[in-house]
Amino acid sequence: MVKRGESYFINLSPTQGREQASYYLVLVVSADAINRQPSVVTVVVW
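The sequence shown runs 213 to 258 under our numbering.
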């Protein structure tokens, strides 16, 4: 399970327009109770 405060490298593709295609370091900011739900995680790109 993904936990609040953990960081991951993720691929944010597909890109649109002038966005850069690459892997980004993200920080999980959503509460652990929400992270237990399938496909629901809030992250911030570093």
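All C-beta atoms, glycine included, are put in the ideal place defined by N, C-alpha and C.
Handout entry: Same chain, Cβ closer than 7 Å to residue 214, five either side skipped, listed in chain order
Key = 240, 247, 253
Practice task
Indicate whether residue 236 and residue 256 have their beta-carbon atoms separated by less than 8 Å.
Solution key: no
Exercise for the section: Starting from the C-beta of residue 162, find all residues in its chain whose C-beta is less than 6 Å away, skip the five residues before and the five after it, and write them out in chain order. Expected result: Nothing can be reported for residue 162, as the shown portion of the chain is limited to 213 through 258.
Handout entry: Identity of the residue in 229, 228, 233, 242 nearest residue 222 by Cα
Key = 233
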